[in-house]
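Throughout, this note's numbering is defined as the position within the sequence shown, counted from one, plus 5. Backbone N, C-alpha and C fix where the C-beta goes; we use that ideal spot for every residue, glycine too. Written below as structure tokens is the structure these notes are about.
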Amino acid sequence: AGTGVREAEAAYDATPGATEAELLRYLEAFAVSQGLTYPPLAVRNYYLCHKTKPFVILAGLSGTGKTRLTELFAEGITGNLRSRYRLLPVRPDWSDPSPLLGYHNALTGNYIGTPFLDLLKESGRAENRDRSYFVCLDEMNLARAEHYLADVLSAMETRAREIPLAGTFDAVTLPRNVFLAGTVNIEEGTHPFGLKVLDRANVIEFGEVRFEQGMAQGTQPVSLPEIAPGDRERLFLGNRVETVADAEERLSMVSRHYVGRFYDNLSALSELLIEGGFAFGYRVRDESLRYLAHAFAPDGSPLLVEGGATGDNFNTALDFQWVQKVLPRIGGTQERSSKLLRLLTDWADTNGFSRTATKLRRMTRRASEDGVISFWD
């Protein structure tokens with residue numbers, strides 16, 4: 006294995022008594038046992054997003070289960086929701102990092118902390134390295150995320166992962182066992198996200214609620230697989246693919262064609278977006294490639310489309326990444342971008358990316374009604 010994989014495995018070296026496939030089945034069953042039904046693959050997709058980058062945005066109508074998913078996932082992984090999950094409602098007056106990171110009181114000389122800062126300190130202790138911690142920024146678009154989240158977003162990209170504390174010479178570390186999610190209620194949409202936010206997140210949409218399916222499942226007892234909480238955390242925290250080289254290595258182990266197919270599709274997509282004025286950088290490439298690698302277990306078995314062919318698993322993972330990493334960047338007037346949407350839709354149809362094509366058609370339909378192209382519908 007590559008260096009990044011070895012380092013991640015070394016940090017969580019106890020061998021769990023279950024597999025990731027079993028963990029994913031457990032998490033799906035746990036959600037159903039709590040009376041909630043999500044779109045197919047939603048729980049698995051959320052899991053893979055967090056394995057790839059610990060920052061996920063959940064967007065959709067109010068009441069579609071976004072916040073509840075963050076709670077269920079944290080409880081399913083840790084077995085201890087109260088001590089390792091924080092729900093932080095974002096307020097419109099969050100104009101700087103102090104609501105998350107605290108501030109220095111110049112009169113008393115004391116540093117005034119916050120629940121988020123306390124969680125960072127607790128999760129960073131040596132005895133907690135094998136424990137995962139979760140934070141949900143509820144309705145995170147009520148304020149500008151680029152302002153209140155700026156220091157956290159920057160720390161994600163540095164080796165030291167240090168966040169400076171304003172008014173002091175101190176810093177706090179953003180530990181790798183902290184996972185951040187944010188919910189966005191589309192109808193409120195107070196503040197759009199800039200590229201600094203979108204570049205670092207997978208954006209998962211929740212647009213469908215299936216009442217009849219939930220009612221049917223709610224009448225049946227749900228049997229949860231037996232997986233110890235410690236094993237759940239070791240599986241989730243361990244074996245993370247950290248580098249492009251390691252991602253390419255895992256994909257090549259599954260099929261010698263997958264790395265080339267990824268780059269061929271990425272290049273074609275990039276050319277269309279450059280022409281339309283929406284170019285993306287290396288971060289989109291790197292994180293999409295690592296998501297694809299995480300969609301396969303270390304032994305090469307599919308984790309996203311479990312039990313399916315590896316090719317179906319690969320194509321589905323690619324489809325999710327185009328929707329979640331690329332399409333949120335596209336916006337503007339219908340006059341400016343309508344041609345681009347047509348070209349992208351043709352490209353998605355030709356290559357069998359059904360989720361991407363469906364989303365592009367929704368964006369096109371809204372543009373014809375409102376005159377504005379937006380991912381957020």
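inquiry  = With three or more beta-carbon pairs closer than 8 Å as the criterion, would you say the segment 305-313 touches the segment 368-376?
reply    = no
query = Roughly how many whole angstroms lie between the Cα atoms of Leu365 and Ile232?
reply = The sequence position of residue 365 within the sequence shown is 360, counting from 1. The sequence position of residue 232 within the sequence shown is 227, counting from 1. In a straight line, the C-alpha of Leu365 is about 40 Å away from that of Ile232.
key: Which of helix, strand or coil DSSP assigns to Phe78   = The residue you call residue 78 lines up with position 73 of the sequence shown. Helix, per DSSP.
request  = Just confirm the distance between the C-beta atoms of Ala298 and Val246, as a whole number of angstroms; I'd bet it's less than 8 Å.
outcome  = Position 293 of the sequence shown, counted from the first residue, corresponds to residue 298. Position 241 of the sequence shown, counted from the first residue, corresponds to residue 246. The Cβ separation is near 4 Å, so the contact holds.
request  = Return yes when the Cβ of Val264 is within less than 7 Å of the Cβ of Ser253, no when it is not.
outcome  = For the purposes of this step, residue 253 is taken as residue 248 along the sequence shown, with counting starting at 1. For the purposes of this step, residue 264 is taken as residue 259 along the sequence shown, with counting starting at 1. The sequence as given places Glu at residue 253; Ser does not occur at that position. Contact: yes.
message = So, with DSSP's three-state summary, where would you put Tyr51?
response = Here residue 51 refers to the residue found at position 46 of the sequence shown. Tyr51: helix per DSSP, three-state reduction.
ask   = Hey, how far is the Cα of Thr119 from the Cα of Pro104?
value = Counting from one through the sequence shown, the residue named residue 119 turns up at place 114. Counting from one through the sequence shown, the residue named residue 104 turns up at place 99. Thr119 and Pro104 have their C-alpha atoms some 7 Å from each other.
ask   = Going by beta carbon distance, what residues of the same chain come within less than 7 Å of Met258, once the five residues before and after it are set aside?
value = Translated into positions along the sequence shown, residue 258 becomes position 253. Excluding sequence positions up to five before and after Met258, its CB lies within less than 7 Å of the CB of Gly305, all in the same chain and listed in chain order.
task = List the whole-angstrom C-beta distance separating Asn182 from Ser137, where the pair is believed to meet the contact cut-off of C-beta under 8 Å.
result = Here residue 182 refers to the residue found at position 177 when the sequence shown is read from its first residue. Here residue 137 refers to the residue found at position 132 when the sequence shown is read from its first residue. The pair is a contact, with the Cβ atoms about 5 Å apart (cut-off 8 Å).
query = Which partner residues of Asn110 appear in the DSSP bridge assignment?
reply = Against the sequence shown, residue 110 aligns to sequence position 105. Paired residues: none, contrary to the question.
ask   = With distances taken between CB atoms, is the gap from Gly68 to Leu142 smaller than 7 Å?
value = In the sequence shown, residue 68 corresponds to position 63, counting from 1. In the sequence shown, residue 142 corresponds to position 137, counting from 1. Cβ atoms of Gly68 and Leu142: not closer than 7 Å.
task = Using the DSSP secondary-structure output, state which residues sit across from Asp304 in a beta bridge.
result = As a position in the sequence shown, residue 304 is number 299, starting the count at 1. For Asp304, which the question treats as bridged, DSSP gives no partner whatsoever.
CA-to-CA distance, Phe184 to Gly282, given in whole angstroms = Mapped onto the sequence shown, residue 282 falls at position 277. Mapped onto the sequence shown, residue 184 falls at position 179. Taking the straight line joining both Cα atoms gives about 32 Å.
query = Buried or exposed: Glu33, going by 16 or more other Cβ atoms within 10 Å of its Cβ?
reply = Against the sequence shown, residue 33 aligns to sequence position 28. Per the 10 Å Cβ criterion, buried.
task = Between the Cα of Ala155 and those of Leu200, Asp123, Leu346 and Arg134, spot the shortest distance and give me the residue it belongs to.
result = Taking the sequence shown and counting its residues from 1, one reaches residue 155 at position 150. If we check each option's Cα against that of Ala155, Leu200 comes out closest.
task = For the beta strand (DSSP E) containing Phe325, list its first residue and its last residue.
result = Residue 325 sits at position 320 when you count from the first residue of the sequence shown. Taken as a continuous stretch (DSSP letters only), Phe325 belongs to no beta strand (DSSP E), being part of the alpha helix (DSSP H) at Thr315 to Gln326.
request  = Spatial neighbours of Met368 within its chain, please: CB distance less than 8 Å, with the 5 preceding and 5 following residues excluded, ordered by chain position.
outcome  = Here residue 368 refers to the residue found at position 363 when the sequence shown is read from its first residue. Result list for Met368: Leu332, Ile335, Leu346, Ile378, Ser379, Phe380 and Asp382, in chain order.
key: Check whether Gly70 and Glu210 have beta carbons under 7 Å apart   = Start at 1 with the first residue of the sequence shown, and residue 70 comes out as number 65. Start at 1 with the first residue of the sequence shown, and residue 210 comes out as number 205. Their beta carbons are not under 7 Å apart, which means Gly70 does not touch Glu210 by this criterion.
key: 7 Å Cβ cutoff met for Asp236 and Ala23   = Here residue 236 refers to the residue found at position 231 of the sequence shown. Here residue 23 refers to the residue found at position 18 of the sequence shown. It is a contact, given that the beta carbons lie within the stated cut-off.
ask   = Among the residues of its own chain, which have a CB less than 6 Å from the CB of Val328, if the five just before and after it don't count?
value = Here residue 328 corresponds to residue number 323 of the sequence shown, with the count starting at 1. Arg360, Thr361 and Lys364, listed in sequence order.
ask   = Measuring CA to CA, which of Tyr108, Ser100, Leu179 and Gln39 is closest to Arg130?
value = Locating residue 130 in the sequence shown gives position 125, where the first residue counts as 1. The shortest Cα separation from Arg130 among Tyr108, Ser100, Leu179 and Gln39 belongs to Leu179.
request  = Check whether the Cβ of Lys58 sits closer than 6 Å to any heavy atom of the ligand SAM, and report yes or no.
outcome  = In terms of ligand content, the structure shown is empty, and the ligand SAM therefore cannot be addressed.
query = Helix, strand or coil: which one does DSSP assign to Met220?
reply = Taking the sequence shown and counting its residues from 1, one reaches residue 220 at position 215. Low confidence applies here, because Met220 scores a pLDDT of 41, under 50, leaving its location unreliable; read the following figure in that light. Note: Met220 maps to helix in three-state DSSP.
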